[in-house]
Amino acid sequence: MNLAGRRVARSADRVNLHYRLCAADGTEIVSTFGGDPVTVSLGTGELHANLERVVLGLAPGERRTVHLVAADAFGPSNPELEQTIPREAFPADVAPEPGRLIEFTLPGGETLCGIVRRVESDVVTIDFNHPLSDCDVIFEVELLEILE
């Protein structure tokens with residue numbers, strides 16, 4: 001409960017919310033405002049932990065906007081997450097081009113996304129870092145309801 005006696009979002013709650021993520025210069029990256037809200041289970045990893053902290057403590061109807069430096073948003077890039085993959089590992093109908101987002105299905109069925117950084121005659125370098133690592137962001141969230 002907050003000071004006004006209203007229930008606030010806590011870890012393990014399911015919530016409906018709207019959010020907007022912008023680059024530090026205000027360029028919108030993604031937004032649910034003006035569309036359907038999203039339902040998120042807090043504390044499960046559905047929402048990046050540093051963004052989830054912004055939601056925690058909000059009561060339905062409250063809105064919060066925060067500026068997060070890269071280290072507090074999606075963190076710094078990790079050079080170990082850039083992998084070189086043999087070109088023949090790509091299906092014939094997939095043309096790896098620099099800047100292209102590529103999805104890989106892991107043996108357990110999980111999907112892993114990466115961005116093609118370099119294409120050479122025999123290998124392709126894929127960056128599996130979060131696309132917004134090393135970036136400051138603006139995160140705006142409006143909590144619509146806490147689901148029981």
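Residue numbers are given in the UniProt record's numbering: position 50 of the sequence shown equals residue 50, and the series is strictly consecutive. In this text, a Cβ means the ideal position worked out from N, Cα and C, and glycines have one as well.
- Three or more beta-carbon pairs separated by less than 8 angstroms link the region 10-21 to the region 137-145, which places the two stretches in contact.
- Here A71 is exposed. Its C-beta has fewer than 16 other C-beta atoms within 10 Å.
- If you draw a 10 Å sphere on the C-beta of I29, you find fewer than 16 other C-beta atoms in it, and that means exposed.
- Here the region 119-135 makes no contact with the region 53-61; the two share fewer than three CB pairs at distances below 8 angstroms.
- G34 and Y19 have their C-alpha atoms spaced approximately 10 angstroms apart.
- By DSSP's assignment, P86 forms a beta bridge with V123.
- A distance below 7 angstroms between beta-carbons, with the five flanking residues on each side excluded, links N78 to the following residues of its chain, in chain order: N129.
- By the beta-carbon neighbour count (other beta carbons within 10 angstroms, threshold 16), V40 is buried.
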